[in-house]
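Numbering follows this note's numbering, in which position 259 of the sequence shown is assigned residue number 259; successive positions increment by one, without gaps.
All residues carry an ideal CB built from backbone N, CA and C; glycine is no exception.
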Amino acid sequence: MQKRRQGVRGTGLPMIPLRDQVFFPNMVAPILVARDKSVGALDEAVEGEGLLFLVLQRDPQVEEPTKRDLHSVGVVARVVQAMRLPNGIAKVLLEGVARARMVRFYRSGPGYRALIQLVPFESHDSPEVRARLRRVTMYFEEYVRLNRQVPDEVLMGIQGEEDPAKVADFISAHLTVPPQVKQELLSAPSLEALLDKLLAILVQEQEILKLEEKIEDKVRSRMQEDQRQFYLQQRMRVLQEELGEAPEEEFSKWEEKIEAAGMPEQVEQKARSELARLRQMQPFSPEATVVRNYLDWLVSLPWSKRTEDRLDVELVQRILDEDHYGLEKPKERIVEHLAVVKLAGRIKGPVLCLVGPPGTGKTSLARSVARALGRNFVRVSLGGVRDEAEIRGHRRTYVGALPGRIIQSMRKAGSKNPVFLLDEVDKIGVDFRGDPAAALLEVLDPEQNHSFSDHYLEVDFDLSEVLFITTANTTHTIPPSLLDRMEVIELHGYLEHEKLHIAKGFLIPKQLKENGMDPSSLRITDGALVKLIRSYTDEAGVRQLQREIASVCRKVARKIVEGKEQAPVTVTARDLEGLLGLPKVQERKLPDRDLVGVATGLAWTQNGGDILHIEVTLFPGKGELILTGRLGEVMKESAQAAWSYVRSAAGRLGADEGAFRGKDVHIHIPEGAIPKDGPSAGVTMATALVSALTGRPVRRDVAMTGEVTLRGYVLPVGGLDEKILAAKRAGVSKVVLPKRNEPQVKEMSPELKKNIEFVFVEHMDEVLEAALLDEGKGT
1 MQKRRQGVRG TGLPMIPLRD QVFFPNMVAP ILVARDKSVG ALDEAVEGEG
51 LLFLVLQRDP QVEEPTKRDL HSVGVVARVV QAMRLPNGIA KVLLEGVARA
101 RMVRFYRSGP GYRALIQLVP FESHDSPEVR ARLRRVTMYF EEYVRLNRQV
151 PDEVLMGIQG EEDPAKVADF ISAHLTVPPQ VKQELLSAPS LEALLDKLLA
201 ILVQEQEILK LEEKIEDKVR SRMQEDQRQF YLQQRMRVLQ EELGEAPEEE
251 FSKWEEKIEA AGMPEQVEQK ARSELARLRQ MQPFSPEATV VRNYLDWLVS
301 LPWSKRTEDR LDVELVQRIL DEDHYGLEKP KERIVEHLAV VKLAGRIKGP
351 VLCLVGPPGT GKTSLARSVA RALGRNFVRV SLGGVRDEAE IRGHRRTYVG
401 ALPGRIIQSM RKAGSKNPVF LLDEVDKIGV DFRGDPAAAL LEVLDPEQNH
451 SFSDHYLEVD FDLSEVLFIT TANTTHTIPP SLLDRMEVIE LHGYLEHEKL
501 HIAKGFLIPK QLKENGMDPS SLRITDGALV KLIRSYTDEA GVRQLQREIA
551 SVCRKVARKI VEGKEQAPVT VTARDLEGLL GLPKVQERKL PDRDLVGVAT
601 GLAWTQNGGD ILHIEVTLFP GKGELILTGR LGEVMKESAQ AAWSYVRSAA
651 GRLGADEGAF RGKDVHIHIP EGAIPKDGPS AGVTMATALV SALTGRPVRR
701 DVAMTGEVTL RGYVLPVGGL DEKILAAKRA GVSKVVLPKR NEPQVKEMSP
751 ELKKNIEFVF VEHMDEVLEA ALLDEGKGT
């Protein structure tokens, strides 16, 4: 280790205590001298040899320091230039000469003096010192590059310098570190210690500077983006001011809309909270757009807007009669429901569910209810809906989120008490995205829908004043929990005379208007309408009939325009083939004579009712039962049950007990391309089997329906209205029905039961008695 050379200046030197500056040997820098004692010491130095002793105070706040307030190691400096300013302060340029230790401190005359001992480093150029110096120099160069407070020209001060001590002092003097750290460097006991300390400081400072540079880069990047946003905002603000659309105007408009919306207190608080958030956002940021859309939904919903109900029961009945012919029972139930609403003053009770085949007027009936009540009308089709979010909406965290169909329709309605039609409720699906039917439970339950929760709104919406009506083609596919909340009103297919009346009173005037024709320019005869109904449509409702009438109107309109016909034009039954082509539907006909092994059944389809011919034949085989005609599982099981019953009761039914031996039985239902299923063909198959086994023909004008058990009992079935309607169309004169279905038949309209004899049975014996003729009376 290098030793310091010892030397004592016995006379001492004038001394200036420094508050926050540390001098190093060979360092040239100015200082300001203001304290009286320090000015006195400066004057004494200038008058003498021009040398001063500079030392750092431990506490810069002390005005008149003592020895304990000063560090022991300082620097002897030479006064290069001194200048007295007008305010009495002296500005001095000093040059550091050598390190020195203060031995004694005392006051002398106008200033301080100190007895000092010089402690310079020995100039020793060893490999260890050179190695340390090289690393210090390398780190200092990187330090200068990173530190903007140190100019690059500083590096020129160490280029070509051979003395390690001078290089170390030069680097120490140019570090931007606190005075106490520099004092530690000045007080280093040896050159090696100074270089080690200097290296540690440079390494630490370099890490700090790199971190600062990284932070500064991020800040600069953010500032540039903020400046860009600020610039764009200022430009947009100027444009908005030019257009008269200042930002404050936007917030004022939102305030006015929130006030005018009539929101509940909780919703208004939510809206104002979102508006406060919007004020803090960048106007054109994506999040601001999301908040604007949300506020737009909140202020546009009918929180307190409602229409006045027109609860005149007679007027409602008259409007329903004007809009719909027939449908007496559904209209009667609707009027009863509205009468209860009038007396109770509120809607409370089951939701009405209109069930019936397509085209029977379910949707238009709901629309007529809205017109009769003077309420707004909205419709939502639920066919194929599989995602719960379609009902409840998406949460706002998702891109492009919107409220569900319920809230969207309430906004469209514009009032909180519309007639709300949920169409095709039987066609809701279920998959991994949730169960929409479960979401509908809250909508339709009177005990819950006063606080319907939509995921997008995040606030409750009151649906308790809404009159919900649902429609379906069948109740079989409606979830039981949902069906339990609804009162089913069945709409059955129209009779032929009802379709004729609807066509003349509603469909023809409507199509003439839609096709731009004068009401007197076209007349369709009753015969033509009957042929249209029988030969060109096959439906329970009148939708296809309307399309065919529209087609007739268009073709006649073209002929009038082309000059081939002159108005008024009369269309007869003979003209239909020329206008519409050959008949599209083959009429369902009964057999032209009584046949063995052929029985007529009645079936229910989604298009209404239909007749079903069941054929049975026996031939040599292994005693197997063969079923054809694209039968479903339930119908196959019905056939098995009927076959088992016939075999077990063969003797009692008049069949030869050996008739089954070595014979196969083939049951076929024609129109094999159409799938068929259900239990109601059991009695028909059993009748056809007995007829084939006994040779007794089945009466051609008898049709039947019912489920049969292994013991021959006949069980009740559904869809009777549609089935009786199909029997009436086909010309059936006698219908065999289960005894337990008799109450339903009694409630049917007299027109539907006209010219039909009903036979109610409990056992197959009664069916066979009504349907079979004696052997030899048929073919």
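- Of all C-beta pairs linking the stretch 411–431 to the stretch 461–474, three or more are shorter than 8 Å, placing the two stretches in contact.
- DSSP places residue 703 in the uninterrupted beta strand (DSSP E) bounded by 702–704.
- In summary, residue 361 is buried, with 16 or more beta-carbon neighbours lying within 10 Å of its beta-carbon over all protein chains present.
- Membership of residue 381 in any alpha helix (DSSP H) is not indicated; the residue belongs instead to the beta strand (DSSP E) covering 377–381.
- For residue 84, the secondary structure class from DSSP, reduced to helix, strand or coil, is strand.
- Around the C-beta of residue 66, fewer than 16 other C-beta atoms lie within 10 Å, and the residue is accordingly described as exposed.
- DSSP places residue 15 in the strand class (E or B) of the three-state scheme.
- Residue 92 is positioned such that its CB atom lies closer than 7 Å to that of residue 82.
- Relative to the Cα of residue 653, the nearest Cα in the group 694, 643, 636 and 683 belongs to 694.
- For residue 757, the CB contacts under 7 Å within the same chain, skipping 5 residues up- and downstream, are 733 and 734 in chain order.
- Taking 8 Å as the upper bound for CB-CB distance, residue 24 and residue 75 are in contact here, some 6 Å apart.
- With respect to the 7 Å criterion, residue 437 and residue 483 are not classified as neighbours on the basis of their beta carbons.
- Here residue 353 is bridged, per DSSP, to 470 and 488.
- A direct Cα-Cα distance of roughly 31 Å separates residue 675 from residue 380.
- Counted as a single uninterrupted DSSP element, the stretch harbouring residue 140 is not any beta strand (DSSP E) but the alpha helix (DSSP H) occupying residues 127–146.
- Taking the Cα positions, residue 324 is about 32 Å away from residue 736.
- Residue 96 and residue 26 do touch by the CB rule: their CB atoms are close to 6 Å apart, below 8 Å.
- For residue 393, the closest alpha carbon among the candidates 456, 84, 515 and 107 is that of 456.
- Residue range 496–502 is occupied by the alpha helix (DSSP H) that includes residue 497.
- For the 7 Å CB-CB criterion, residue 170 and residue 157 form a contact.
- By the Cβ-count criterion, residue 223 is exposed, with fewer than 16 other Cβ atoms from all chains shown falling within 10 Å of its own Cβ.
- Excluding the 5 residues flanking it on each side, residue 774 has same chain C-beta neighbours closer than 8 Å at 696, in chain order.
- Of the candidates 539, 191, 567 and 644, the residue whose Cα lies closest to the Cα of residue 609 is 539.
- In this chain, residue 303 is not harboured by any beta strand (DSSP E), its DSSP state being neither H nor E.
- Under a 10 Å Cβ-count criterion, residue 187 is classified as buried, with 16 or more other Cβ atoms of the shown protein chains found around its own Cβ.
- Selection 532, 488, 477 and 489 evaluated against residue 504 yields 532 as nearest (Cα-Cα).
- A residue is called buried once 16 or more other Cβ atoms fall within 10 Å of its Cβ, and residue 138, having fewer, is exposed.
- Excluding residues up to 5 positions away in sequence, 568, 569, 570 and 571 lie with their Cβ nearer than 8 Å to the Cβ of residue 523 in the same chain.
- Per DSSP, residue 769 has no beta bridge partner at all.
- In this structure the stretch 490–505 touches the stretch 317–335; the number of beta carbon pairs closer than 8 Å is three or more.
- Counting only the Cα atoms, residue 552 lies some 7 Å from residue 579.
- Annotation: the stretch 169–206 contains the following complete segments of the alpha helix (DSSP H) (minimum length 4 residues), in chain order: 179–186.
- Counting C-beta atoms within 10 angstroms of its own C-beta, residue 313 has fewer than 16 neighbours from the protein chains shown and is therefore classed as exposed.
- Rounded to the nearest angstrom, the Cβ distance from residue 454 to residue 404 is 6 Å, consistent with a contact under 8 Å.
- For residue 363, the enclosing alpha helix (DSSP H) stretches over residues 362–373.
- Rounded to the nearest angstrom, the Cβ distance from residue 681 to residue 635 is 6 Å, consistent with a contact under 8 Å.
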